[in-house]
Every structure is written in structure tokens, then in C-alpha cells.
Amino acid sequence: MPVLDGPWGPELRMRHPSLGVRVCPDEPPGSQVWTPVTCAGLSIALEFPALTRQLRETCRSHRRNPQGPETSEGSTWVEGEQEDVEEVKEIKQVIENNSAHLEADGRLNSGHAGVLLAERRGSYPPIDLQILKTSSRPGEVECGTRRKLKRLLSFQRYCHASRLLKGLMPHSPRSLHLLDDDYLGQAAHMLSKVNTWNFDIFLFDRLTNGNSLVTLMCHLFNVCGLIHHFQLDMVKLHRFLGMVQEDYHSHNPYHNAVHAADVTQAMYCYLKETKLAEQLTPLDVFLGLMAAAAHDVDHPGVNQPFLIKTRHHLASLYQNTSVLESHHWRSTVGMLRESGLLSHLSADMSLDIEQQLGSLILATDINRQNEFLMTLREHLDNQDMDLQLVTHRHFILQIALKCADVCNPCRDWELSRQWSERVCEEFYRQGDLEKKFDLEISPLCDQQRDSIPAIQIGFISYIVEPLFEEWQRFTAPSMLSQIMMGHLHKNKACWSRLRYVHTPAETKTHLHPGDPELEGHKEAENIP
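Adding 751 to a residue's 1-based position in the sequence shown gives its number in my numbering.
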């Protein structure tokens, strides 16, 4: 169990690596130091007093023996060179901003936070402040600051002009009041067709200058009436969405903010299905869109087996079960509390929203695929799905999110191919990392053995097809499902053809009628 893992723990780790992350076995789980919590089926032990003690000990050690190339001899932690002073001020600001979540004695604030321990932020990978300062160039920092300032000012201009802030609702459901002049034109035109399946998220991300997730979510919250229904503060909403978008790592080829925006757009299309739209409540829509936007936040670009075999602290924290999904959820909770987006709601309602978000995000664990698929089949076979029941609606939201998360093979070939190349590139990077550290290469991560066509054919056959066949049964008659299944079959045939083309000649001579490669090749030749 990591000792330092709270709302502002990662920031302190970033500035003072000596804080680190370690397991504290000094006290048995039954002692008062440990607080066992069971949340959404996940057993967690929270160690708050130990956290406080370590922070105090670290502060004292820094006062007695300051270290670092930028701290002069004889100085204290809060005195010395100007840069150190600014650093301490920043740490103090972080602590003050999060004091609502962690009290001075190390106990979780029970007034609003409930029993969930929120993570915030950048828990993986650990960043050393020394490396940051030596590797970053002033120009790069200034450029990044300028971009953030431009986005903030852009939103402030919107705040002064928005009819929503004056308490007026837009007259048209396709209104784009949440977009100021920077986002008009082609981006606004694309948003007017956000419910179509050929929505090009890569183009939309370019048109919004890498701001696709925030722009999309603001628009969807507006057209769905969620801002008015939940009386959301627009500044807090934008702050929260900005946190979510920034906590996706842009260096990940696949698990980045563009993927989150793509899943969110797909989720919106599913929520508009006739069978669902007639039954869903505003809370259901809110949960569905929020879970889609944050379902992979702070993804490290490696999978769960990698975290387990490298003994990463997240694997220890979540007991090797749904490690990444639990981290995505807890990070989302941390950002909700830090932004104060739900602070105007009752404590019970806020906690219920956090719990339901966790249930949705945890459902995206691919290891639970058969569990959800079998349950869905049973409901459809028995014809006992009743969307007037809260539990059944929540289950369908879980299925919808799972479909949105793996819907890339159901997109048009050009979009689907880009996503396939991106996810395989991320796999290959993990394989290269495993080679570098003499670890066993994970399945699908060896670029020399696992080709993109082979990976995609297996993914479609064992994951995507079974899930979307049942989804089509549920939504029937649905034009969208028919379109998706058409793309899925064509894309699978294309990958089969590419796999056959890249198969060595000596292997082709041993293919027999009925072999997947040969049959896929024949099927692909019939594609117009």
C-alpha cells in the first residue's frame, strides 16, 4: 500500500523525490493506522496517519539537511535562492487548494469526500524535478504557458457573451453557444453533425488545436441540457474538463485525449439510439458522457501485466485487479473534487455519482469481457431487460461504454486503420521497453512476431464481433448497428487480405481451403 498517494501527493513527489512511494508494513491491517474500505467491490486500506507522519518527517529532514544543486549550504527548505522560494510557494498553493480533501491530522474530510481516496495527478510515470529542470527549455515552457493562457482567455470571452450564464437556455438543440470565435467555422460545422458515425475525430482535433475533448464535452453538455439540469458552474466545468484533457498523455500513440474524445462521440451516438434515448434520465446521460471522457485518464501507455511484473505501486495499491481502470476512476474522483464541479450538490448525491462513475469505468476492464457478455446474452435470451429499472439502465450504460471503448474496427476503414496502427505502435513500444529491461515480452507486443493485421483479426474475432453482435440484438432495428457491423466485416476482410499479402511465400503453399488467411483473402477480393 503506498504511503504517499493522495490528492496532492504526486505533486510533492514530483518536487521532492525523497518522499517516494513505499509499502508501510509497520502496522498490521487491524490496527488503527489502517482503515479498510470496501467500495464498488474493491477493498482498499487507507493509511492516513502514516501519510501525515511521513510528510512531517520529510519536512524536518529538509530543514535540517537541505539538498539539491539549487539550494545553497546553510539554507532552509523555505529560505534560500529565489527559485526554491517559488517552489515552496507552489507546494503551499497545492496544499491549500486541496485542504478540503485532506485534513491536517491526515484524516479524509468526511463533509463531502466520503470514504473514497482520490488520486491526483500524474501517478505514472514518476517525474524527477532535477530532470525536469535540466531538460526543459525556457522557450518550451513559455510556449506551453502561452497556449494555456490563450485557451483560458478564449473561454473568458465566452463567459461574458454566453446566454447560459444569464440563465437563458438556447432555443435550438443544435446551438453552439459554448463555442467562441476561435471554434467557429469548420469545427462548429462538424459539431452540428456530432451524432453521425462518420465523424472524423482526428480532423476535429486539428481544427480545435488539440482541444477536442474539452470542446466536444462542452458542446454535448450544452445540447443535452445537462448544464441547466444540474445547475453546473461553467468555470468549474471548464476547469474540470481541462484537467481531464491535460492528464491524458499526448505521447501515447493510442491512449490519449483524442481516444477519449472518440469514445465520447461514440457514446453519444449510442445514447441517441431510440431504444435508449426514450428511457435514459439526465443523470444517466451525465454519467455516460463523463465516464467516456475520463475512462482512460492518466493512462501510462503500458498494460496491467506490465505494471504487475514491474511491481509498480499502482499494482500493489489495487491488488493486481483492474489496476488501470481503478486508477482512472480514482483520478477522476480527485479531479471532480479539486475542481469543485459537484460541490453544490448534496454529499450523498456527489458520492453516488462518484460510485456510479467507478462502476462504469471499471466495466471497461477487458478481463471482465466474458462476464458482461454472458449477462447481456442472458437478458436478451430471456427478454427480461427492463430499462425502467435503474439497475438495468446502468448495466446497459456499462455495455455501451464497453462498445464505445472498442468501436474502432466498426468505423470507416480510413479511421479504423489509423486507430489500429496507433494501438499496435503502443504495444510495440511496451515490447521494446520490456526488451530493454530483460523482461518477458507481453503478448501482442513483439513487433518482429506480431503483425498489425494478425493483431487486429484476433481482436475483432474474439472481442469486438461477439460484443457488437449482442449490441445489435439489443438495439434492433437500428440503422447505426447495421452500419457498424457492415464496417466491421469489411475491415476484418481487409486485414485478412493484408495478412495474406504479407505472409511468406513458403507459408502460402501450405494453406488449405478453409484456412482463415485464405478465406479472408477471398472475402476481401469481393469488397468494392
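The beta carbon of each residue, even a glycine, is placed where N, CA and C say it ideally should be.
{"Asked": "Looking only at C-alpha atoms, which of SER1110, HIS980, LYS1153 sits nearest to LEU1034?", "Found": "HIS980"}
{"Asked": "Using the C-alpha atoms, what's the distance from ALA1008 back to ALA938?", "Found": "17 Å"}
{"Asked": "How would you write the range of the alpha helix (DSSP H) that PRO1004 sits in, first residue to last?", "Found": "Segment: none, PRO1004 is in no alpha helix (DSSP H) and carries neither H nor E."}
{"Asked": "Just verifying my parser: in three-state terms, what is the DSSP assignment at ARG990?", "Found": "helix"}
{"Asked": "What does a CB cutoff of less than 8 Å around LEU983 pick up in its chain, not counting 5 residues either side in sequence?", "Found": "PHE972, LEU977, LEU1092"}
{"Asked": "Quick one: Cα of ILE1147 to Cα of LYS1187, how far?", "Found": "42 Å"}
{"Asked": "How about PHE1057 and SER1193: do their beta carbons lie closer than 9 Å?", "Found": "yes"}
{"Asked": "Give the secondary structure of PRO1217 by DSSP, where H, G and I count as helix, E and B as strand, and everything else as coil.", "Found": "helix"}
{"Asked": "Figure out for me which residue from HIS1130, ALA1155, ALA1098 has the closest Cα to the Cα of ILE1117.", "Found": "ALA1155"}
{"Asked": "Provide the residue span of the alpha helix (DSSP H) that contains SER1067, from first to last.", "Found": "1064–1068"}
{"Asked": "According to DSSP, is GLU1165 part of a helix, a strand, or is it coil?", "Found": "helix"}
{"Asked": "Could you confirm whether any beta carbon from chain B is found closer than 9 Å to the beta carbon of THR1126?", "Found": "Considering every chain present, this structure includes no chain B. It has just one protein chain."}
{"Asked": "Going straight from the alpha carbon of VAL1048 to that of VAL995, what length do you get?", "Found": "7 Å"}
{"Asked": "From ASN962 to PRO1051, what distance separates their C-alpha atoms?", "Found": "20 Å"}
{"Asked": "Hey, ASN1242 and PRO1160 are a contact pair by Cβ (cut 8 Å); roughly how many whole angstroms apart?", "Found": "5 Å"}
{"Asked": "From TRP1164 to ASN949, what does the alpha carbon distance come to, in whole angstroms?", "Found": "10 Å"}
{"Asked": "Whole angstroms are fine: how far does the CA of LEU1166 sit from the CA of GLN1176?", "Found": "Note that residue 1176 is Glu in the sequence shown, not Gln. Taking the straight line from one Cα to the other gives about 16 Å."}
{"Asked": "Looking at GLY1039: is its Cβ nearer than 9 Å to the Cβ of LEU1111?", "Found": "yes"}
{"Asked": "Applying the criterion that 16 or more other CB atoms from any shown protein chain within 10 Å of the CB defines a buried residue, is LEU1022 buried or exposed?", "Found": "buried"}
{"Asked": "Nearest by alpha-carbon distance to LYS1060: which of PHE953, PHE1219, ARG1128, GLU1191 is it?", "Found": "GLU1191"}
{"Asked": "Is the CB-CB distance between LEU1031 and ARG1128 below 9 Å?", "Found": "no"}
{"Asked": "Take MET985 as the anchor and find which of GLU1024, ALA1011, SER1090, GLN1070 has the nearest alpha-carbon.", "Found": "SER1090"}
{"Asked": "Name the residue from LEU1195, MET1235, SER1247, CYS1245 whose alpha carbon lies nearest to the alpha carbon of ALA1017.", "Found": "MET1235"}
{"Asked": "Quick one: Cα of PHE991 to Cα of HIS1240, how far?", "Found": "38 Å"}
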